[in-house]
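In what follows, a single structure is set out as structure tokens and then discussed.
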Amino acid sequence: MVRGLRAPAVVDPRSPELLLRCEYDLGGNELYAVNWFRNEDVLFRYSPSLVPKATAYPGVADVNVSLEHSNAEQLLLIGHQDVQRNMKSYEGTYVCEVSTERPFLTDYGVANVSAAILPKANPVLEGLRHNYQVGEFLELACTSAPSLPPAELSFYLNGRKMDKSRTRIDRSGSPSADVASSVRLVLSTKLERQHFQAGTLRVACVAHLPNVAGSSRDYRTEAMATLAARNQRLAQELPPSLAARPNSAAAAGLTIDSWGMFVLAAIWLIAENTEILFASFLIRV
């Protein structure tokens, strides 16, 4: 009987009104009543057999029903000048319950509405260089676009969420003229070999709006960086047992160089002495 309750998944709390529509087909039966609820509290009732036909129930705080524009098929809520009050009065779980005269059928539709000022852009990522070396510190900042509620920011390296101990909120709740606010999160972490997958570091900043329905309420900015040079990448890909002994390798290199110089000097001395002996032999002859 009820085909659906049409309502916005997210309503801007600055909006002066919220309109909900209940779509149904009685199948030739006579309408008895349409009742509207929000969070199980009755808001409005329409019954064509009663006088008056429309009745609003004022017991729900901060909810204003427009009797003039509410009827058997729609409910219109009037907003307040206070945006924070609209956040409370607009959002919730709405139900339209439709019942008929004989054979006394009842059906209902449900819709969830969130109140929020959505960001108009993805977060801005700052401070990322084109390449890094292992051991350097990665210092980044991410700023969300203004929203209400303020966004919750998170950093991801190669798809892994960074622990909060490596981040700090640099600025929060910076209000714009329309009560929306932005958040700035700073990341500081030392880069290790495992941060580079095939020589590439993938960085993402995600802004999530809490208590706002829908996976589309996440806003993401991604970027990439690489190791500083090809040979450094190859060096970092050595087995840990070898990569952990750079000083021993260097010392071994110095020993080989010294031994080589000694051998060359010995050959030169032998050659010199041989030449002198040969010259003395010729003189005697």
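Heads up, the sequence shown is in this note's numbering, so the first residue is -10 and it goes up one at a time.
For every residue, glycine included, the Cβ atom is placed at its ideal position computed from N, Cα and C.
Straight-line Cα distance separating Cys194 from Ala232: Here Ala232 scores only 44 on pLDDT, less than 50, and its place in the model should not be relied on; the value that follows carries that caveat. Approximately 32 Å, taken between the alpha carbons.
Tell me the rounded alpha-carbon separation between Gln70 and Pro5. 8 Å
Sub-8 Å separation of Ser103 and Val(-1) beta-carbons: yes
Of the residues Leu146, Arg206, Ser171, Lys150, the one placed nearest Ile158, counting alpha carbons only: Ser171
Three-state class that DSSP yields for Tyr294 in the structure shown: With the chain covering -10 to 274 only, the question about residue 294 has no answer from this structure.
Integer-rounded CB distance, given that Leu180 should sit under 8 Å from Tyr121: 6 Å
Considering only heavy atoms of the ligand ADP, does any lie closer than 7 Å to the CB of His184? In terms of ligand content, the structure shown is empty, and the ligand ADP therefore cannot be addressed.
Can you tell which of Lys150, Asn18, Ser88, Leu146 has its C-alpha closest to the C-alpha of Arg182? Leu146
Backbone CA spacing between Ala134 and Lys153 [nearest angstrom]: 21 Å
With a Cβ-Cβ cutoff of 8 Å, do Trp25 and Leu32 count as a contact? yes
Go ahead and pull the three-state DSSP assignment for Val40. coil
Buried or exposed: where does Met76 fall if 16 or more other Cβ atoms within 10 Å of its Cβ makes it buried? buried
What do you get for Thr132, buried or exposed, if any count of 16 or more other CB atoms within 10 angstroms of its CB means buried? buried
Please confirm if the segment 45 to 65 is in contact with the segment 77 to 97, defined as three or more CB-CB distances below 8 Å between the two stretches. yes
Within the segment 84 to 165, ranges of the beta strand (DSSP E) (whole runs, at least 3 residues): 95 to 104, 113 to 115, 126 to 132, 141 to 146, 156 to 164
How many whole angstroms separate the CB atoms of Thr82 and Arg27, which I take to be in contact at a CB cut-off of 8 Å? 7 Å
Which residue marks the beginning of the beta strand (DSSP E) containing Asp30, and which one marks its end? 30 to 35
Return the CA-CA distance between Ala50 and Arg74, expressed in angstroms with no decimal places. 10 Å
When the distance is taken between beta carbons, is Ala196 closer than 8 Å to Leu142? yes
Measure from the alpha carbon of Val40 to the alpha carbon of each residue in Val54, Ser55, Ala22, Pro47, then state which is nearest. Ala22
Can you tell which of Gly188, Glu19, Pro108, Thr156 has the C-alpha that lies nearest to the C-alpha of Ala130? Thr156
Assign Arg273 to one of three DSSP states: helix, strand, or coil. Legend: pLDDT at Arg273 = 42, less than 50; position of this residue unreliable, value from coordinates given subsequently. Here Arg273 sits in helix by DSSP.
Between the CA atoms of Ala187 and Leu127 - distance to the nearest angstrom: 18 Å
Please name the residue in Leu94, Ala217, Lys109, Tyr13 whose C-alpha comes closest to that of Leu198. Lys109
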